[in-house]
Each structure stands twice: as C-alpha cells, then as structure tokens.
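A quick write-up on the structure given underneath.
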Ligand code: 0GY
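In our numbering, the protein residues as written are 6 to 303.
Set out below in structure tokens:
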C-alpha cells in the first residue's frame, strides 16, 4: 500500500547515496541523534504535526549506521510523530541492544506505557521549545513529566533556539535529571563564539554539571554550507571545554532542511575537526553516549 501521507512540497528527502567518510569512527561509536519517520502507512504521522516528511524507515537507518561505521543509535522521537512513540518503539525492538530511544510523552501517560517504552530501551524524554515545530507546552506540564520519568532513571533532552535560552534558563535549572541540549542550543554562527548568546550557553554548561550537549547539526547551523567551516569553532570549543558531556549524531534523515541535502559522509568527516585527538573522539563517540544510554555496559 502506498503511504496515505504526501510529503510537503518543499521537503528535501535525505541523501540517496552518501559518500564513505574518510574519518574512521572508533570501535563502538554511537550516532546519538537520529530519527525514524513512518513509514506513514504503518506508523501514521500526528494530526498536529507541522511538517510531513519523507518516510525514513528503521531498515534504512540501520543500513546507514553500518555503512558509516557506527555501532549504535540513539533514536529521537520527532515532532511529526507527536506523542505516538510506536515507530520509535518498533525501531528499538528491531535493533535489539544496538539502539536506545528518546520519547515524547504527556505527564498523564500510564505506568504501563512507560514500562513498555523502558523495556524497549527508551532512556529519556524530549522537551521541544522550537516554535516552528510544536505548539507551546506549559512549563508546569513539562515539570510533571519530569517527575514521572525521573523515577525510571531517564533523563531529559531539550531543543530550543539561542534567543530563547535567557528566558528558559531558570526553568531548565529546575529539571531534576541530566539534561541534554540539542544541537549546541542552536547558535547563530554568524555571531561567532564570543557573542553573549554563545557565552550564555557555555555558562549554562559550566555552572550546571548535569547539563550535556549534542555538538551536532552543522548542516542546520551553517551559513557557509558544506564542509561547515563556520560551525566548527562552536563544536570544537564545547568538545574541548566539556569533553565528558558532549555527544554527536548525524541527525539523519535531517527533517526540514531547506538549503541543501546533507551528505552523511561529509558530516562524519567534521568529527576529527571538532574532536582533534583520539581521546576526545572516543569520549564524544563512545564513552559519553555509553555512560548516558547504556550505563549497564559502561
Ligand atoms: C532535529 C531537528 C528538527 C526537527 C525535529 O522533532 C522534530 O521534528 O527535531 C528541526 O526541524 O530543526 O533535531 O531533527
């Protein structure tokens, strides 16, 4: 059956044949930010979604994992699936121990549903503050969700854009778990690493040891385009200042890209430019994600 969902007209599907990276990933590397989308005829997109993507199946994700040389994935529930985590749970169950998940849930979720997700490998929930992706959720609702999931030992992933950090900081500091900030808090890279916005983000991490960040998504943050020279200083600064609290992910299948279709081989080749020693690379790609998502194995 063909998908009942029509991809948005301006939606760019993921790269059909990415290049092989010249950078060889360390053994056991984790792609700590990626998604599965649908397929829509099996796992329908949410009625409240802000975009309709190109289907991106678990099999395609696992093929990319193997092709690039990753061992494991952390799969993040994306806004187009709303709070229906079925596609995520299905992918986690198919991956066995090789994937962990980040879900999106309401505080009224049942214990039984939480248990199913926990068993499948969900380790976190995501709070999304990006206005083009989701309608606003009251902070009090997020706090109730945080209270539910902290009992399971899960943590919280947050997605916001740099101009919103100042307003969000008092709230973020009240979160009772480890907190992972997506995509370096989405800095405006034209402003440079000495701009107050990026300094505020650095201060958040230095003053709060429970905060981590994904030094991911050069393809979203760049103005210059590949090979993403303008994003490197931001990620390199974070990796060198907080070597034990950084994660890296491909962001496959790159929803809502407008400027270009990212080549994941080129993305992987940015890693040795932001983590310039083998020790930093191993921390970023293996030790840190294993500690957070596979604590029993690390
Ligand atoms: C990402 C970024 C985006 C989308 C989502 O949940 C989502 O739909 O996260 C975006 O459009 O910036 O991390 O995939």
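Glycine included, each C-beta is placed from N, C-alpha and C at the ideal position. Here the structure is a predicted model, which is why all the values come from computation and not from measurement.
query: Residue 202: CB within 8 Å of a non-hydrogen atom of ligand 1; result: no
query: Run of the alpha helix (DSSP H) containing residue 293, from where it starts to where it stops; result: 293 to 298
query: Of the listed residues 222, 195, 191, nearest to residue 207 (C-alpha basis); result: 191
query: Contact the region 158 to 178 vs the region 193 to 207: 3+ CB pairs below 8 Å; result: yes
query: Assumed close pair residue 37, residue 287 - CB separation to whole angstroms, cut-off 8 Å; result: Wrong, their Cβ atoms sit about 14 Å apart, outside the cutoff.
query: Alpha-carbon to alpha-carbon, residue 230 and residue 240; result: 16 Å
query: 9 Å Cβ cutoff met for residue 198 and residue 244; result: no
query: Residue 183, buried or exposed, once every other Cβ within 10 Å from all chains shown has been counted against 16; result: buried
query: Per-residue DSSP class, three states only, for residue 59; result: coil
query: Nearest neighbour of residue 55, chosen from 141, 145, 64 [CA to CA]; result: 141
query: Stretch pair the region 143 to 163 + the region 100 to 118: three plus CB contacts closer than 8 Å; result: yes
query: Reference residue 178, options 159, 210, 193, closest by Cα; result: 210
query: Same chain only: Cβ atoms within 7 Å of residue 180, ignoring 5 sequence neighbours per side; result: 151, 161
query: Entirely enclosed alpha helix (DSSP H) segments - the region 241 to 296, minimum 4 residues; result: 269 to 273, 276 to 279, 283 to 287
query: Rounded straight-line distance, which links the Cα of residue 59 to that of residue 96; result: 17 Å
query: Segment contact flag, the region 60 to 72 with the region 29 to 47, C-beta cutoff 8 Å, min 3 pairs; result: yes
query: Supposed close pair residue 250, residue 217 - CB separation, criterion 8 Å; result: 4 Å
query: Beta-carbon proximity of residue 33 to residue 262, cut-off 9 Å; result: no
query: Alpha carbon of residue 119 to alpha carbon of residue 215, nearest angstrom; result: 23 Å
query: Same chain, Cβ closer than 8 Å to residue 5, five either side skipped, listed in chain order; result: A query on residue 5 cannot be resolved here, the shown segment of the chain reaching from 6 to 303 and no further.
query: Three-state secondary structure (DSSP) of residue 105; result: strand
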